[in-house]
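Here the protein sequences line up with chains S and U, keeping their order. Residues in the first sequence are numbered from 1 upward in steps of one, following this note's numbering. Residues in the second sequence are numbered from 181 upward in steps of one, following this note's numbering. All C-beta atoms, glycine included, are put in the ideal place defined by N, C-alpha and C.
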Amino acid sequence: MNNQNLIETIKIKHIEDIINYYEEYGYLNVVIKPESIRNIISYLKTDEDLKFEMLVDLVSIDYSQFPEKKPGRFGLAYHLKSITHNHRVAIRVYLPEENPEIDSIHDFYKNANWLEREAWDQMGIKFKGHPNLKRILNHKEFVGHPLRKDYPIDRRQWLSEPDDLMDEMEKRLKEKGIIR
Amino acid sequence: MGVKNFNPNEQLPYITTTREAVLAWGRKNSLWPMPFGTACCAIEFMGVVSSVFDISRFGAELVRFSPRQSDLLIVAGTITYKMGPILKQIYDQMSDPKWVISMGVCASSGGFYNNYCTMQGIDHIIPVDVYIAGCPPRPEAILDAVLKIQEKIENPHKTPPAQFQVKEPKFDY
């Protein structure tokens, strides 16, 4: 399905959720309202003509020093790919500077769990409904979100004791029935 | 150690030495390294252990992955702040006497990772005997570091040449 057909198929049911859309390098970008992310994603994943089974990446962007004016300080881009129909789309949202919050989509895509944790860790975007929203790359005593443009790149923070990852491990071991 | 007194009238030749010299001789020729490999320097260390460069010519080929069985810690790779307490724990678990080689520029000074997550040299948390420059170092440099450690074991009180003397590091935290 080409980009023209894609956006028309999305528009059929979600015309009021879409703010605008554009094509860059042959790649369809759809800017939507943050509150309708779960509706759009579930539609894109389950619709027979779209069938976006794969979340390729979830990217968070800080637009505070971007030359072009954007509707909010933070941006999120959900890159989706359909393995059945072999087409791609990027869903973009813009979030305000104070309290950037969006609904979690961890139940649609399993890898969104870690991708959202990374976006929380590095950029400080909260995902409502996430089962385990804690830092994934930085250590537990880290203060601040280092990929924000106002975080000084050489502000280093010490860790006094190793991170304990057993809380996640035990949960998974219980799921697999290895421990009780 | 050496032949300090040889009496030709005796039936058997004998040598005199000190207990420390014998221990140092034994230690320096049977170093058991513990590789703490976190990055590409660890790949380079594999090349040193295998047959072309062959660290076993210097008696340090018995690579142990348990800190309790080894006496030479080779920190090969970038150490982040998240990894720091683990490295300290590994160092504490090694039994005395122990020596540390900081292999490569990342372990020695942070290298080009001048950012929020990389430790600017492992000497912030553990003492280091020999630093190796390079990104990654040539295998000959690692063999040279092992020889330097052997020299240090043999003469523990010898001071290095003036150009290699390092002041006690002073940190501002």
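Problem - Nearest to Gly264 of chain U (by Cα), restricted to the options U:Glu334, U:Gly290, U:Asn209, U:Asp251 - result: Your numbering for residue 264 of chain U matches position 84 in the second sequence. Taking only the C-alpha atoms, the option nearest Gly264 of chain U is U:Gly290.
Practice task
Check the Cβ of Tyr261 of chain U against every Cβ in chain S and list those closer than 7 Å, keeping chain order.
Solution key: For the purposes of this step, residue 261 of chain U is identified with residue 81 of the second sequence, where counting begins at 1. Going along chain S in sequence order, the residues near Tyr261 of chain U (Cβ under 7 Å) are His139, Arg156, Gln157, Trp158, Leu159.
Exercise for the section: Taking only beta-carbon positions, decide if Pro71 of chain S is within less than 8 Å of chain U. Expected result: As a working note, residue 71 of chain S is residue 71 in the first sequence. Not one chain U Cβ lies under 8 Å of Pro71 of chain S.
Handout entry: For Asn29 of chain S, three-class secondary structure by DSSP
Key = As a first step, residue 29 of chain S is located in the first sequence; it is residue number 29 there, counting from the start. DSSP places Asn29 of chain S in strand when its eight states are reduced to three.
Exercise for the section: Return no unless some Cβ of chain B is closer than 8 Å to the Cβ of Gly264 of chain U. Expected result: Checking the listed chains, one finds no chain B in this structure; the protein chains it contains are S and U.
Practice task
Please list the partners that Cys286 of chain U has in chain S, where partner means a Cβ-to-Cβ separation under 8 Å.
Solution key: Here residue 286 of chain U is taken as the residue at index 106 of the second sequence, counted from 1. Counting only Cβ-Cβ distances below 8 Å, Cys286 of chain U has no contacts in chain S at all, with the closest Cβ about 15 Å away.
Handout entry: Short CB-CB distance (under 8 Å) between Ile153 of chain S and chain U
Key = Numbered from its first residue, the first sequence carries residue 153 of chain S at position 153. For Ile153 of chain S, the answer is yes, since a Cβ of chain U falls inside 8 Å of its Cβ.
Exercise for the section: State whether the stretch 256 to 270 of chain U contacts the stretch 101 to 121 of chain S, with contact taken as three or more CB pairs (one from each stretch) at a distance under 8 Å. Expected result: When Cβ pairs closer than 8 Å are counted between the two stretches, the stretch 256 to 270 of chain U is seen not to touch the stretch 101 to 121 of chain S, the count staying below three.
Exercise for the section: With a threshold of 16 other CB atoms inside 10 Å of the CB of Arg207 of chain U, please say whether the residue is buried or exposed. Expected result: As a first step, residue 207 of chain U is located in the second sequence; it is residue number 27 there, counting from the start. Counting the other CB atoms within 10 Å of its CB gives Arg207 of chain U a total of 16 or more, which places it among the buried residues.
Practice task
On the DSSP bridge assignment, give the partners of Thr260 of chain U in chain order.
Solution key: As a working mapping, residue 260 of chain U is identified with position 80 in the second sequence. The partner list for Thr260 of chain U (beta bridge, DSSP) reads U:Thr298.
Problem - Per DSSP, the bridge partner or partners of His87 of chain S - result: Mapped onto the first sequence, residue 87 of chain S falls at position 87. The bridge partners DSSP lists for His87 of chain S are S:Ser82.
Practice task
Note down the Cα distance separating Asp276 of chain U from Ile302 of chain U, rounded to an integer number of angstroms.
Solution key: Walking along the second sequence from the start, residue 276 of chain U turns up at place 96. Walking along the second sequence from the start, residue 302 of chain U turns up at place 122. Spanning the two alpha carbons is a distance of roughly 19 Å.
Exercise for the section: Consider the Cβ of Asp57 of chain S: report whether some Cβ of chain U lies at a distance smaller than 8 Å. Expected result: One-based indexing of the first sequence puts residue 57 of chain S at position 57. False, the Cβ-Cβ gap to chain U never drops below 8 Å.
Problem - Identity of the residues DSSP links to Asn20 of chain S by a beta bridge - result: Sequence index remark: in the first sequence, residue 20 of chain S carries index 20 (1-based). Paired residues: S:Val31.
Practice task
Determine the burial state of Cys315 of chain U: buried for a count of at least 16 other Cβ atoms within 10 Å of its Cβ, exposed for fewer.
Solution key: By 1-based counting over the second sequence, the position of residue 315 of chain U is 135. Cys315 of chain U comes out exposed.
Practice task
Just grab the DSSP bridge partners of Gly217 of chain U for me.
Solution key: As a position in the second sequence, residue 217 of chain U is number 37, starting the count at 1. U:Ala256, per the DSSP bridge assignment.
Problem - Cβ-Cβ distance between Asn29 of chain S and Ala119 of chain S below 8 Å - result: Taking the first residue of the first sequence as position 1, residue 29 of chain S is located at position 29. Taking the first residue of the first sequence as position 1, residue 119 of chain S is located at position 119. In this structure, Asn29 of chain S sits away from Ala119 of chain S, with a CB-CB distance that is not shorter than 8 Å.
Exercise for the section: Would you identify the three-state DSSP class for Val232 of chain U, choosing helix, strand or coil? Expected result: Sequence index remark: in the second sequence, residue 232 of chain U carries index 52 (1-based). Coil.
Handout entry: Reduced DSSP category for Ser60 of chain S - H, G, I as helix; E, B as strand; rest coil
Key = Translated into positions along the first sequence, residue 60 of chain S becomes position 60. Three-state result, Ser60 of chain S: strand.
Handout entry: For Leu253 of chain U, the nearest candidate out of U:Thr197, U:Gly227, U:Ile329, U:Glu334 (CA to CA)
Key = Numbered from its first residue, the second sequence carries residue 253 of chain U at position 73. Ranking U:Thr197, U:Gly227, U:Ile329, U:Glu334 by Cα distance to Leu253 of chain U puts U:Ile329 first.
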